[in-house]
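**Q**
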Amino acid sequence: MAEMVSMKSMRTPRDCFAKLAIYCAALLVCAAFAWILSDIARGGMAHLSLDFVIGSPRDAGRAGGIGSILVSTALVLAIALMAALPLGWTTAALLAEYVSAGSRFGGAVRYSLQVLAAVPSIVFGLFGNAFFSIYLGLGFSILSGGLTLACMLLPILVSTAESGLRAIPDAHRLSAAALGMSRTSTLFRLLLPIAAPSLAAGLLLGIGRAIAETAALLFTSGYVDRTPGSLLDSGRTLAVHIFDLSMNVPGGDAAAYASALVLIAALLLINMVAMRLATDWQRRKIMAENSNGYSNIDAPRA
Amino acid sequence: MRIFSTKKYALFIAALLLVNGWAQPGNAAPEKLVLTGASTIAPLAAEIARRFEAQHPGTRIDVQTGGSSRGINDTRNGTAGIGMVSRALKPAEQDLQAHTIALDGVGLILNASNPISGLSRQQVIDIYTGKIINWKTLGGRDAPITAINKAEGRSTLELFLGYLKLKNSDIRPHVIIGDNAQGIKTVAGNPNAIGYVSIGAAEYEARHGTPIKLLPLDGVAATVVNVRNGTFPLSRPLNLVTRAAPQGLARDFIAFARSEQVHDLVEAQYFVPVGFR
Amino acid sequence: MIWSRHNILSPSVSVDTLTLWLLRGAAGAAMGVVLLILLFLAIESWPALRHISIERFLTDPSWNPGENLYNLAPMLSGTLYAAAGALLLATPLGIASALFIAYYASPHAASIYRRLVELLAGIPSVVYGFWGLTTLVPLINQLHPPGASLLAGILVLTLMILPTIALTAYAALLAVPGEYMLGATALGLSRWGTIRGVALPAAKTGIAAGVILAAGRAIGETMALLMVTGNVVQNASSLFEPIRTLAANIALEMPYAMNDHRAALFVSGLALMLLVMLLWSIAARLARNGNG
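What follows is the structure in C-alpha cells.
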C-alpha cells in the first residue's frame, strides 16, 4: 500500500515539512545507533574470536570465552518464551475478541498488565527469588530465571498482540461468521494469522527485553558460569555476564564489549528467523486456505 | 503455540525435558555447596571454587552474587552454606562466624589530568561536606569539584565515613555510585571529579591506561603493598561467613580459600591475600 | 486437534465455550502474577510500615536509612521527570520512525531501518548505561558539571524506549486495512493528509498501547539510569542536576540493606507500583472522558 500512496504527486508545503521531519527523525535514530554500535565494536572487535564464542570463561571472565554463558542464555530464553507466549497470546485473544471494551474483567486484566509493565526489573528479581527459588523450591536455576522473565514479558506480548487483533476490521469477523465458522476457528485460522506482524513485533520486543535483562536474573538464574547440566542448575546469562564484567571486574571492559557484540549478532539472527517464520505462517494460513476475498492483506516486507 | 504449531511446541517441550532428564544423573553431585553474597567477592570466590572443584572431584560449588546483606540473610536462613561479606561483621551479626580470605584497601582517586597531588584529611572533609567547592581553593585549576560518594550501606562508604568521622547526611555529593568500576569510569570521564574506590581495582585500571590516579592518605601511598603491610589506614576484610563452626565441605572449602594455594587467584583479582597470619 | 481441518465449517458451541474458559484462565493467571507481586511487596515492606508512619515517607528531611530518615518524595519526582522527559522525546521520534518504515522509506531502506530498531530494542540496559557513563556523561560534563544528570538519564531512556514505541506503532500502522489508504488516496488526499487523516487515527489504539508499554519501561528501568543519573537524592531544579529514581534506589541499596532499611526499599517498590496504578487510572479516566 505504501507504493500506491507514494505514487501521489501532489505536494503541499505541509507534506514537504512532514517528510523532512520524518526523515530527520529516522536519520537521528540511525546516527545514535551508529554511535553506540561503533563504540561497542571499537571496544570489542579485538577481543572477538571463535574461541571467545565457544570457550568457557576464565579469570572471572577477563580471559577465555562465553560458550557456557551462551548455553545458559538460550535455555533461559527458551523457558521464558515457552511459558509466556501461550499465556500472553491467549490473554490477548481474550481481551481483543471475547470481552467487550467496557467489561470489568477485561479492564482489570488490562490494568494489571499495565502495572506489571512498570515493575522495575529488580523487583521482579526479588519476587522471583522469593517465589520461584525459595517458595517453589526451584533454587537458583535456569527454570526460576526463565519463569521470572516470563512474568516480565507478559505485558509486552499481550499488549502488542491485543492491538494487532483489535486493528483487524470487523468485516473479517462478520464474513467468517457468515461462512459459519466457529469463533475458535475464526480466531486461529483467520484473526491470529492476520495479526502475525503484530505478534512478531511483540515477540521480538520480548526476546530483546529477555535477552537484555540483568537485575531480574541475578537473583534467580544466578551467577554460576559453568555450562548448566540441567534446567535446575544455576546459569549465568549474557547480560548478567556483561554487567559483571563492566561494573564489577576491573579490566573486564574489552570482554564486556565483545560479549555485547555477540549478543547483538545473536539478536540479528533471531530477528531474521522470527520474521521469516511470521511471514511464512501468515502466507500459509491465509493465502492458501482463505485465498478468496482476503488478497488485500499485506504480508510484512521482510 | 502460534508460530510453532501445537504439535511442534509439544515436541519441543518434550525434547527439552528429555535433555533435562538425561543430564540429571550425570550431574547429581554427591556434595554441593552454595555461596551467596557480596559482588566484590563473587568473582574471586568463583575462581577459587573452580580450582577447588578440579582438585576435589564429585563436589560442586555454586557461587551466587547479590550483596553482603544477602550473604548474611541467606546464611542465617540456611539458603546458602557460606555467605560472602565484604566488611567486618557488625555487633548485631555476632551470631555468625567470619573467615577472612583477603584484604581490600580503599583509596581516593582523581582524574590523571588533575594537578593536585595530595590532600590532607581536613581538605577531604571540607570537599565532601561542601565547604570547598572549587579546585582553585586547593591550588588547582579554576573548576568546580565533583564529589563522588558511595550508596548507602556500602562497606566502603562506612569505612570512609569512619575515617573522616562524618555522618552520611553531612556529605554533599554530586554523584552517588554503586560499584567500583562505576566510580573509576566516572572519574576517568570527568577531569574535576574526586572519588574513593577499591585500591586494587584503581591500581589495575591506572596501570592499564585509564586516566586516574590514587592519592596518598595521611602521607601513606595508596598501594596494594601498603595495604598488605598494614600501614595504609583504610582497609577492609573480605569474609566468608558461616552460621556455626563450618563442617565437612564448607570447612574444606574455607580452609582451601585461606590457603597459599589460592594466593595467585586472590592477587589476580587485585586483592591482598591474608592466608595464615 | 480442536481446530483440525474438517471441522472448520462446523460451528460448535462447546468448543467455543471451552476456548473462552481457556482464555479466561490464561488472563486470570496473568492477573494473578500482578497480585502475587503486590502481595510479595506488601509482606516484605510490612516491617517498615508497621512502625514508620506513611507521612514520614513524604515528610522526613532526607533519605538516610542509616539515620532512620526515609523521605521518598524526591525520588518520586525524579522518576516522573525522567520518565516524562524520555516519553516526550521518544514518542514523536518513535512514531516518526514507524511512519518512515511504513510509508516513506523504500522497501529496502525500510527493512534495514526496522532491523536496526529491533536491534536497538535488544541491547542490554547495562550496555546503554555503560555507553552513557563513558560517552554521554563526559560530554554533558563539558556543558555543565557534574554531567551525571537528569538530562543524561532522559537521553539514555529515550534510546531505550524508542524501539518499543516505533515497533508497536509500526505494527499498528501495518494493520490499518489497505482499503482505507486506497480510499483516502482516491479522494485526492496528499500523503501526509492520508497519514494524518486516516492512518494515524486508525492505528491510534495500537500506538497508545505502545506508548503505555514504553512509559512502564521508563518508570521501571533500573540499571541504565543507575549508571548515568548521578543518584543524588534531591528535587532537580534543572536538567543538569543529578537525580535518583525509585527503581535505581532499590537496585543501588538493596544488596546492602538490612532490617528496616530493606523493608523501606520494598516500600519504595510498593510506592512505584501505586504510582503507576494511579497514573493509569487517571489515563483511563481521561480517555473515557475524551471519548464520551
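Protein chains in written order, with my numbering: chain G, -14 to 287; chain V, 7 to 283; chain A, 78 to 369.
Heads up, the beta-carbon is just placed ideally off N, CA and C, and yes, glycines get one too.
#1: Short check: CB of L189 of chain G to CB of A259 of chain G, under 7 Å?
#2: Which residue wins for smallest C-alpha separation from S74 of chain V, given the options V:R66, V:R257 and V:I88?
#3: Roughly how many angstroms separate the alpha carbons of L253 of chain G and R192 of chain A, rounded to a whole number?
#4: State the DSSP-derived secondary structure class of I139 of chain V, mapped to helix, strand or coil.
#5: Below 8 Å on C-beta distance, what does H338 of chain A contact in chain V?
#6: Please decide whether V353 of chain A counts as near chain C, where near means a Cβ-Cβ distance under 7 Å.
#7: DSSP on Q70 of chain V, reduced to helix/strand/coil?
#8: What are the complete alpha helix (DSSP H) segments, minimum 4 residues, inside the region 83 to 145 of chain A?
#9: What does A48 of chain V touch in chain G if you count any residue whose Cβ is under 7 Å from its own?
#10: Rounded to whole angstroms, what's the CA-CA distance from V344 of chain A to L98 of chain G? Just pull it up for me.
#11: With a threshold of 7 Å between beta carbons, is M350 of chain A in contact with chain V?
#12: Could you have a look at V91 of chain V and say whether DSSP puts it in helix, strand or coil?
#13: Along the chain, where does the alpha helix (DSSP H) containing I327 of chain A start, and where does it finish?
#14: Take M350 of chain A as the anchor and find which of A:L323, A:V288, A:T136 and A:A340 has the nearest alpha-carbon.
#15: When the Cα of I255 of chain G is compared with those of G:G52, G:G50, G:G191 and G:D218, which residue comes out closest?
#16: For chain A, is any of its Cβ atoms less than 7 Å away from the one on N114 of chain G?
#17: Output needed for A280 of chain A: all residues of its chain with C-beta closer than 6 Å, excluding positions within five of it in sequence on either side, in chain order.
#18: If you scan the region 122 to 198 of chain G from start to end, which runs of the alpha helix (DSSP H) of 4 or more residues do you find wholly inside it?
#19: Note down the Cα distance separating A263 of chain G from S244 of chain G, rounded to an integer number of angstroms.
#20: Against P319 of chain A, what residues of chain V qualify as contacts under a CB-to-CB distance less than 7 Å, listed in chain order?
#21: Specify the secondary structure class of D292 of chain V as computed by DSSP and reduced to three states.
#22: Quick one: residues in its chain with C-beta nearer than 7 Å to the C-beta of T271 of chain A, no 5 flanking neighbours on either side, listed in chain order?
#23: Can you pull the chain G residues whose beta carbon is under 7 Å from the beta carbon of S45 of chain V, in chain order?
#24: Take the Cβ of S139 of chain A as the centre, count every other Cβ of all protein chains shown within 10 Å, and call the residue buried at 16 or more, exposed below.
#25: Compare the C-beta of R283 of chain A with all C-beta atoms of chain V and state if any pair is closer than 7 Å.
#26: Does the region 39 to 52 of chain V come close enough to the region 78 to 97 of chain V that 3 or more CB-CB pairs lie under 8 Å?
#27: Have a look at V225 of chain G and L60 of chain G and give me their C-alpha separation to the nearest angstrom.
#28: Apply the 10 Å Cβ neighbour rule to Y120 of chain G and answer buried if 16 or more other Cβ atoms are within range, or exposed otherwise.
#29: Using a Cβ cut-off of 7 Å, pull out every chain A residue sitting near D24 of chain G, in sequence order please.
#30: Quick test of the definition: if touching needs 3 or more C-beta pairs under 8 Å, does the region 110 to 124 of chain A touch the region 94 to 113 of chain G?
#31: Comparing the C-beta of A199 of chain V with each C-beta of chain G, is any distance below 7 Å?
#32: Quick check: what's the CA-CA separation for A48 of chain V versus V69 of chain V?
#33: Residues in the same chain with beta-carbon distance under 8 Å from K156 of chain V, minus the five sequence neighbours each way, listed in chain order, please.
#34: Would the beta-carbon of G224 of chain A fall within 7 Å of that of I217 of chain A?
#35: Under 8 Å, with one C-beta from each stretch per pair, do the region 181 to 199 of chain A and the region 237 to 246 of chain A reach the 3-pair mark?
#36: Under 6 Å from any heavy atom of the ligand MG, does the C-beta of R269 of chain G make it?
**A** From the atom records:
#1: Within the first sequence, the letter at position 204 stands for residue 189 of chain G. Within the first sequence, the letter at position 274 stands for residue 259 of chain G. Contact: yes.
#2: Here residue 74 of chain V is taken as the residue at index 68 of the second sequence, counted from 1. Closest by alpha carbon: V:I88.
#3: Here the question's residue 253 of chain G lines up with position 268 in the first sequence. Here the question's residue 192 of chain A lines up with position 115 in the third sequence. Taking the straight line from one Cα to the other gives about 8 Å.
#4: Against the second sequence, residue 139 of chain V aligns to sequence position 133. Here I139 of chain V sits in coil by DSSP.
#5: The sequence position of residue 338 of chain A within the third sequence is 261, counting from 1. Under the 8 Å cutoff, chain V gives E158 and G159.
#6: Protein chains in the displayed structure are G, V and A, and chain C is not among them.
#7: Taking the first residue of the second sequence as 1, we reach residue 70 of chain V at position 64. In the structure shown, Q70 of chain V sits in coil (DSSP, three-state: anything other than H, G, I, E or B).
#8: 90 to 128 and 133 to 136
#9: For the purposes of this step, residue 48 of chain V is taken as the residue at position 42 of the second sequence. The contacting residues are Y208.
#10: The residue labelled residue 344 of chain A in the question sits at position 267 within the third sequence. The residue labelled residue 98 of chain G in the question sits at position 113 within the first sequence. Taking the straight line from one Cα to the other gives about 21 Å.
#11: By 1-based counting over the third sequence, the position of residue 350 of chain A is 273. False, the Cβ-Cβ gap to chain V never drops below 7 Å.
#12: Looking up residue 91 of chain V in the second sequence gives position 85. In the structure shown, V91 of chain V sits in a strand (DSSP, three-state: E or B).
#13: The residue labelled residue 327 of chain A in the question sits at position 250 within the third sequence. Note, I327 of chain A: alpha helix (DSSP H), L323 to E330.
#14: Taking the first residue of the third sequence as position 1, residue 350 of chain A is located at position 273. Nearest option by C-alpha distance: A:L323.
#15: As a first step, residue 255 of chain G is located in the first sequence; it is residue number 270 there, counting from the start. Residue G:G191 is the option with its Cα nearest to I255 of chain G.
#16: The residue given as residue 114 of chain G occupies position 129 in the first sequence. No, N114 of chain G does not count as interfacial toward chain A.
#17: Looking up residue 280 of chain A in the third sequence gives position 203. Taken in chain order, the residues that qualify are A249, L250 and V253.
#18: The alpha helix (DSSP H) runs lying completely inside the region 122 to 198 of chain G and spanning 4 residues or more are 127 to 151, 155 to 163 and 181 to 196, given in chain order.
#19: In the first sequence, counting from the first residue as 1, residue 263 of chain G sits at position 278. In the first sequence, counting from the first residue as 1, residue 244 of chain G sits at position 259. The alpha-carbon atoms of A263 of chain G and S244 of chain G are separated by roughly 28 Å.
#20: Along the third sequence, read from residue 1 onward, the residue named residue 319 of chain A stands at position 242. Here the neighbours are H180 and V181.
#21: Nothing about residue 292 of chain V can be read from this structure; chain V reaches only from 7 to 283.
#22: Counting from one through the third sequence, the residue named residue 271 of chain A turns up at place 194. M258, A261 and T262.
#23: Position 39 of the second sequence holds residue 45 of chain V. S45 of chain V reaches chain G at N233, counting residues in chain order whose Cβ is nearer than 7 Å.
#24: Looking up residue 139 of chain A in the third sequence gives position 62. The residue in question, S139 of chain A, is exposed, as its Cβ has fewer than 16 Cβ neighbours within 10 Å.
#25: By one-based count along the third sequence, residue 283 of chain A stands at place 206. In the sequence on display, residue 283 of chain A carries Gly and not Arg. So, not an interface residue.
#26: yes
#27: One-based indexing of the first sequence puts residue 225 of chain G at position 240. One-based indexing of the first sequence puts residue 60 of chain G at position 75. Approximately 14 Å, taken between the alpha carbons.
#28: As a first step, residue 120 of chain G must be located in the first sequence, where it is residue number 135. Exposed.
#29: Numbered from its first residue, the first sequence carries residue 24 of chain G at position 39. Those within 7 Å of D24 of chain G in chain A are W208 and T212.
#30: yes
#31: Your numbering for residue 199 of chain V matches position 193 in the second sequence. Cβ-Cβ to chain G under 7 Å: no for A199 of chain V.
#32: Within the second sequence, numbered from 1, the residue matching residue 48 of chain V stands at position 42. Within the second sequence, numbered from 1, the residue matching residue 69 of chain V stands at position 63. Going by the C-alpha atoms only, they are around 7 Å apart.
#33: Taking the second sequence and counting its residues from 1, the one referred to as residue 156 of chain V is at position 150. Scanning its chain for C-beta atoms nearer than 8 Å, with the 5 sequence neighbours on each side dropped, one finds around K156 of chain V the residues T162, L163, F166, I182, I183, G184, G189 and Y202, in chain order.
#34: Within the third sequence, numbered from 1, the residue matching residue 224 of chain A stands at position 147. Within the third sequence, numbered from 1, the residue matching residue 217 of chain A stands at position 140. Yes, the pair counts as a contact, with Cβ atoms nearer than the cut-off.
#35: With the rule of 3 Cβ pairs closer than 8 Å, the region 181 to 199 of chain A counts as touching the region 237 to 246 of chain A.
#36: Although the ligand MG was asked about, the structure shown includes no ligands whatsoever.
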